[in-house]
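Q: Chains as they are written, first to last, in UniProt numbering: chain A, 1 to 267; chain B, 1 to 261; chain C, 1 to 286.
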Ligand SMILES: Nc1ncnc2c1ncn2[C@@H]1O[C@H](COP(=O)(O)OP(=O)(O)O)[C@@H](O)[C@H]1O
Ligand SMILES: [Mg+2]
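1) Residues of chain C with CB under 7 Å from residue 101 (chain A), in chain order?
2) Say whether the stretch 198-209 of chain C touches the stretch 252-265 of chain C, bearing in mind that this needs 3 or more beta-carbon pairs closer than 8 Å, one atom from each stretch.
3) Any contact between the stretch 201-208 of chain A and the stretch 229-240 of chain A? By contact I mean 3 or more CB pairs, one from each, below 8 Å.
4) At a cut-off of 8 Å, would you count residue 176 (chain A) as near ligand 1, judging by its Cβ distance to the nearest heavy atom?
5) For residue 37 (chain C), go through chain B and note every residue whose CB falls closer than 9 Å to its CB, in chain order.
6) With a cut-off of 9 Å, does the C-beta of residue 65 (chain B) fall near any C-beta of chain C?
7) Under 9 Å, Cβ to Cβ, is there at least one residue of chain B near residue 127 (chain C)?
8) Does residue 150 (chain C) have its Cβ less than 9 Å from a Cβ in chain B?
9) Residue 144 (chain A) versus chain C: which residues are under 7 Å apart at the beta carbon?
10) Tell me whether residue 15 (chain A), by its Cβ, gets closer than 8 Å to a heavy atom of ligand 4.
11) Could you pull the start and end residues of the beta strand (DSSP E) that residue 228 (chain A) belongs to?
12) Could you tell me how far apart the beta carbons of residue 122 (chain A) and residue 108 (chain A) are, in whole angstroms, since I believe they sit closer than 8 Å?
13) Mind pulling the chain C residues with CB within less than 8 Å of residue 124 (chain A)?
14) Would the beta-carbon of residue 72 (chain B) fall within 9 Å of that of residue 54 (chain C)?
15) List, in chain order, every chain C residue whose beta-carbon is nearer than 7 Å to that of residue 155 (chain A).
16) By the three-class DSSP mapping on this structure, what secondary structure does residue 54 (chain C) have?
17) Against chain D, which members of the stretch 75-106 of chain B pass a CB distance test of less than 9 Å?
18) With H, G and I counted as helix, E and B as strand and the rest as coil, what does DSSP make of residue 230 (chain B)?
19) Taking residue 169 (chain A) as the query, report the chain B residues whose CB atoms sit under 7 Å from its CB, ordered along the chain.
20) Out of C:264, C:273, C:118, which has the shortest C-alpha to C-alpha gap to residue 86 (chain C)?
21) If I follow the unbroken beta strand (DSSP E) through residue 87 (chain A), where does it start and stop?
22) Buried or exposed for residue 75 (chain A), going by 16 or more other Cβ atoms inside 10 Å?
23) Under 8 Å by Cβ, that's how I've got residue 24 (chain A) and residue 48 (chain A) pegged, so tell me the actual separation to the nearest angstrom.
24) Using 8 Å for Cβ pairs, my map puts residue 225 (chain A) next to residue 42 (chain A). What's the rounded Cβ distance?
25) How about residue 206 (chain A): is its Cβ closer than 8 Å to a heavy atom in ligand 2?
26) Got a sec: is the Cβ-Cβ distance from residue 32 (chain C) to anything in chain A below 9 Å?
27) Quick one: grab the DSSP three-state call for residue 35 (chain A).
28) Measuring from the CB of residue 45 (chain A), is there a heavy atom of ligand 2 at a distance below 8 Å?
29) Quick one, are the C-beta atoms of residue 32 (chain B) and residue 157 (chain C) less than 9 Å apart?
30) Run the CB neighbour count on residue 94 (chain B), radius 10 Å, all protein chains shown included, and call it buried at 16 or more, exposed below.
31) Identify every run of the alpha helix (DSSP H) within the stretch 149-208 of chain B, keeping only runs that are complete inside it and at least 4 residues long; order them along the chain.
32) Answer with buried or exposed for residue 7 (chain B), where buried requires no fewer than 16 other C-beta atoms within 10 angstroms of its C-beta.
33) Is residue 284 (chain A) near ligand 2 - that is, is its Cβ less than 8 Å away from at least one heavy atom of it?
34) Exposed or buried, what is residue 124 (chain C) when buried is set at 16 or more other beta-carbons lying within 10 Å of its beta-carbon?
35) To the nearest angstrom, how far is it from the Cα of residue 175 (chain C) to the Cα of residue 117 (chain C)?
36) Taking Cβ positions only, does residue 165 (chain B) come closer than 9 Å to chain C?
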């Protein structure tokens with residue numbers, strides 16, 4: 001397996017006091033589905049945003065496709081990097097007043113010049129591609145609907161479509177199911193799994209729910225207070241590890257402690 | 001314990017009440033305002049109003065003249081708000097924390113908008129009087145400057161409120177600045193921005209009357225003219241025409257706002 | 001599946017008969033898009049019509065703009081007092097500020113009662129509509145006209161100014177207050193009604209305390225507005241204060257330097273008020 005992404009001693013300080021990431025190192029292989037788990041405030045969102053430079057890490061190296069993304073200074077190179085990295089969000093972050101179709105096509109803006117992008121001109125091939133992706137996600141009926149008329153699960157699928165039309169090598173998902181009901185959550189996680197296994201796109205997903213992470217991922221990275229405290233198989237995650245990741249966060253533990261072992265065995 | 005708490009709360013309110021009373025008395029003496037005279041004059045004013053302040057007799061002959069000035073005032077208000085909106089959009093984009101180009105320009109545009117907003121429209125009118133005299137342009141520019149200041153702040157807040165999530169998403173796709181602005185920020189906020197412009201037009205019509213009185217132009221000038229000639233029937237007709245047009249515009253704005261949702 | 005295919009081919013062909021040739025539409029025209037387009041078009045047309053029909057009175061536009069910039073420069077770069085001392089100017093500023101305080105307080109007290117009866121959840125729909133309509137009517141008359149109308153019987157001066165300005169404050173705050181009351185959770189009121197609390201008890205024990213912060217914030221915003229209005233009323237309607245000095249400088253002395261000092265004074269106070277109002281707003285939100 002080829003390594004696609006590698007963190008080497010990455011730290012991020014927002015200011016002197018808030019240390020969001022400290023000395024984070026791990027690597028991700030091509031075609032893997034990796035879950036990043038941890039309590040809220042652990043630094044999960046910061047970690048993902050460091051990869052596509054929405055946030056600039058303070059120190060360390062982030063190697064993507066054999067190049068350190070932190071060294072990119074040039075604006076057009078930065079944009080080129082971002083086109084290769086799709087991202088989906090907890091709150092979907094769609095332009096709610098525009099149609100589903102337009103929102104999906106926004107994923108092509110990274111390939112366009114300022115004028116063409118600003119005017120929103122897309123080629124017919126891009127439109128065909130968007131339709132194909134929407135069909136594969138079961139959204140072909142909704143294509144001309146305004147996004148504010150969709151359900152949460154549908155909105156998240158539009159978000160996935162917007163990321164897929166970028167033709168990315170890696171997909172970053174920041175708590176994609178945190179605002180969804182259980183059945184929509186399952187649809188979204190199944191889609192992510194499918195994207196990973198059939199399209200070969202590497203998926204990094206931040207999750208709050210431990211059981212989902214154990215169910216779907218090839219590998220789990222547990223972080224707590226900005227440090228990696230677990231990196232390995234979901235199956236070998238023990239109660240001790242869980243205690244270490246979530247600390248005395250009772251709420252999260254209650255969610256989890258029920259039957260992590262059983263869930264782990266199901267995989 | 002509990003009684004103590006209640007006592008404290010009462011004392012606190014009593015203190016605030018006393019402070020307010022002192023401030024009021026101070027303000028009254030500063031402005032030489034007398035409550036007695038106030039209460040005496042309200043019934044007198046009402047009586048006078050019903051006796052004199054209504055359109056009657058040959059005041060209707062003035063209607064064409066009034067409507068002409070009213071039309072001019074409405075157009076000035078609309079033109080000022082619309083043109084100001086274009087400039088305000090630019091400054092708001094520069095100043096918003098989401099769409100700023102750099103911190104220096106952001107601070108500068110916020111500062112300019114702040115200065116323009118915090119100087120009252122009447123002052124702008126008095127300054128512009130020097131260059132534009134009694135022409136419509138005095139009123140137009142005074143309203144333009146005031147609208148610009150207000151709309152910049154309103155637009156900036158709207159963009160900050162509405163745009164941050166989508167702007168982040170488009171930035172993550174590698175979209176450039178202009179794509180983010182025209183494909184995400186503007187579509188997200190356009191109906192609210194127009195809503196602010198409509199509000200500004202309503203405000204401008206009221207302010208135009210004031211500016212007109214100060215600078216001798218538009219409908220305000222006409223009111224002042226009749227008022228000083230003590231032709232109260234005609235001046236009441238001016239007021240009536242203003243009220244009708246403001247209420248009408250309010251209705252239209254509300255309708256448009258609902259349609260734009 | 002058949003339906004699916006059909007839907008797909010309509011999409012791809014944009015509904016037209018030609019196959020794979022026609023451009024695919026990005027969106028369908030909706031009522032809201034149409035409304036936005038038409039509104040912008042209407043505003044653009046009216047603006048152009050306005051510029052074509054303005055009463056220019058032989059004023060040269062470009063020259064006027066250039067001289068305005070020169071005047072701005074005089075005002076902001078060379079402020080200089082001539083007809084009164086700084087302490088007198090500050091005294092007049094305080095008079096203007098006092099007018100703002102007084103009209104805001106009067107407005108707040110009366111609007112509190114009107115606002116309670118104008119809130120649909122505390123009053124009945126009929127009363128609420130009557131008050132709201134009345135208040136909207138008051139607001140439709142510009143403040144300066146209220147002041148001048150009252151001035152006929154009360155004489156030009158602070159009494160007419162206070163009454164006229166209070167009218168607008170009452171109207172503005174009644175609308176704001178009643179909307180704050182209406183935001184109140186219906187459950188709270190019901191729960192207290194269930195306890196057998198009287199209407200006045202509900203208002204005093206539940207409604208007022210829970211909307212107090214937003215009432216204060218609205219009142220302060222109105223105070224900010226009233227400061228500007230009282231400058232204007234000084235200039236246009238004989239209310240005295242700093243606005244009157246400004247008017248004299250502009251209309252009689254033609255003294256831009258002194259206008260500069262006044263502008264700076266007003267700017268400082270206005271910014272201070274805005275800052276305070278912002279602080280209070282933030283406190284209310286958190
Ligand atoms: N823009 C920011 N400015 C300052 N501190 C921030 C910012 N974003 C996040 N933080 C802080 O960094 C830490 C990690 O946040 P985040 O990455 O959002 O965690 P998670 O996504 O795991 O909940 C938190 O303590 C948070 O308060
Ligand atoms: Mg997060």
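C-beta atoms are modelled at their ideal positions from N, C-alpha and C, and glycine is treated no differently.
A: Short version:
1) Within the first chain, numbered from 1, the residue matching residue 101 (chain A) stands at position 101. 26, 27, listed in chain order.
2) no
3) no
4) Taking the first residue of the first chain as position 1, residue 176 (chain A) is located at position 176. No; taking the cut-off as 8 Å, the Cβ of residue 176 (chain A) has no heavy atom of ligand 1 nearer than that.
5) Translated into positions along the third chain, residue 37 (chain C) becomes position 37. The contacting residues do not exist; residue 37 (chain C) stays about 10 Å from chain B at best.
6) The sequence position of residue 65 (chain B) within the second chain is 65, counting from 1. For residue 65 (chain B), the answer is no, since every Cβ of chain C falls outside 9 Å of its Cβ.
7) In the third chain, the residue the question calls residue 127 (chain C) occupies position 127. Not closer than 9 Å to any Cβ of chain B, the Cβ of residue 127 (chain C) fails to qualify, so no.
8) Here residue 150 (chain C) corresponds to residue number 150 of the third chain, with the count starting at 1. True, the Cβ-Cβ gap to chain B drops below 9 Å.
9) Counting from one through the first chain, the residue named residue 144 (chain A) turns up at place 144. Residues of chain C passing the Cβ test: 27, 28.
10) This structure simply doesn't include ligand 4; it includes ligand 1 and ligand 2 instead.
11) Sequence index remark: in the first chain, residue 228 (chain A) carries index 228 (1-based). Unbroken beta strand (DSSP E) run through residue 228 (chain A): 227-232.
12) By 1-based counting over the first chain, the position of residue 122 (chain A) is 122. By 1-based counting over the first chain, the position of residue 108 (chain A) is 108. With a Cβ gap of about 6 Å, residue 122 (chain A) and residue 108 (chain A) count as contacting.
13) On the first chain, position 124 is the one that residue 124 (chain A) refers to. Those within 8 Å of residue 124 (chain A) in chain C are 23, 24.
14) The residue you call residue 72 (chain B) lines up with position 72 of the second chain. The residue you call residue 54 (chain C) lines up with position 54 of the third chain. Result yes, Cβ atoms of residue 72 (chain B) and residue 54 (chain C) sit closer than 9 Å.
15) On the first chain, position 155 is the one that residue 155 (chain A) refers to. Within chain C, no residue comes near residue 155 (chain A); the closest Cβ sits about 17 Å away, beyond 7 Å.
16) Position 54 of the third chain, counted from the first residue, corresponds to residue 54 (chain C). Coil, per DSSP.
17) No chain D appears in this structure, whose protein chains are A, B and C.
18) Sequence index remark: in the second chain, residue 230 (chain B) carries index 230 (1-based). Reduced to three states, the DSSP call for residue 230 (chain B) is coil.
19) Numbered from 1 along the first chain, position 169 holds the residue referred to as residue 169 (chain A). Under the 7 Å cutoff, chain B gives no residues; its nearest Cβ is about 13 Å from residue 169 (chain A).
20) Stepping through the third chain from its first residue, residue 86 (chain C) is reached at position 86. Selected option, being the one with the closest Cα: C:264.
21) If you number the first chain from 1, residue 87 (chain A) lands on position 87. Element bounds for residue 87 (chain A): 85-88.
22) For this step, residue 75 (chain A) is matched to residue 75 along the first chain. Counting Cβ neighbours within 10 Å, residue 75 (chain A) comes out exposed, since fewer than 16 surround it.
23) Within the first chain, residue 24 (chain A) is the residue found at index 24, counting from 1. Within the first chain, residue 48 (chain A) is the residue found at index 48, counting from 1. So it is not a contact: roughly 12 Å between Cβ atoms.
24) Taking the first chain and counting its residues from 1, one reaches residue 225 (chain A) at position 225. Taking the first chain and counting its residues from 1, one reaches residue 42 (chain A) at position 42. The pair is a contact, with the Cβ atoms about 6 Å apart (cut-off 8 Å).
25) Here residue 206 (chain A) is taken as the residue at index 206 of the first chain, counted from 1. Yes, ligand 2 has a heavy atom inside 8 Å of this Cβ.
26) Numbered from 1 along the third chain, position 32 holds the residue referred to as residue 32 (chain C). Output row for residue 32 (chain C): interface = yes.
27) Counting from one through the first chain, the residue named residue 35 (chain A) turns up at place 35. If DSSP states are grouped into helix, strand and coil, residue 35 (chain A) belongs with the strands.
28) Stepping through the first chain from its first residue, residue 45 (chain A) is reached at position 45. True, at least one ligand heavy atom lies under 8 Å from that Cβ.
29) Stepping through the second chain from its first residue, residue 32 (chain B) is reached at position 32. Stepping through the third chain from its first residue, residue 157 (chain C) is reached at position 157. Going by C-beta atoms, residue 32 (chain B) is nearer than 9 Å to residue 157 (chain C).
30) For this step, residue 94 (chain B) is matched to residue 94 along the second chain. So residue 94 (chain B) counts as buried.
31) 177-180
32) Locating residue 7 (chain B) in the second chain gives position 7, counting from the first residue. Per the 10 Å Cβ criterion, exposed.
33) In the structure as shown, chain A begins at 1 and stops at 267. Residue 284 (chain A) is therefore absent and cannot be evaluated.
34) For the purposes of this step, residue 124 (chain C) is taken as the residue at position 124 of the third chain. With fewer than 16 Cβ atoms within 10 Å of its Cβ, residue 124 (chain C) is classed as exposed.
35) In the third chain, the residue the question calls residue 175 (chain C) occupies position 175. In the third chain, the residue the question calls residue 117 (chain C) occupies position 117. In a straight line, the C-alpha of residue 175 (chain C) is about 11 Å away from that of residue 117 (chain C).
36) The residue you call residue 165 (chain B) lines up with position 165 of the second chain. With 9 Å as the cut-off, residue 165 (chain B) does not count as an interface residue toward chain C.
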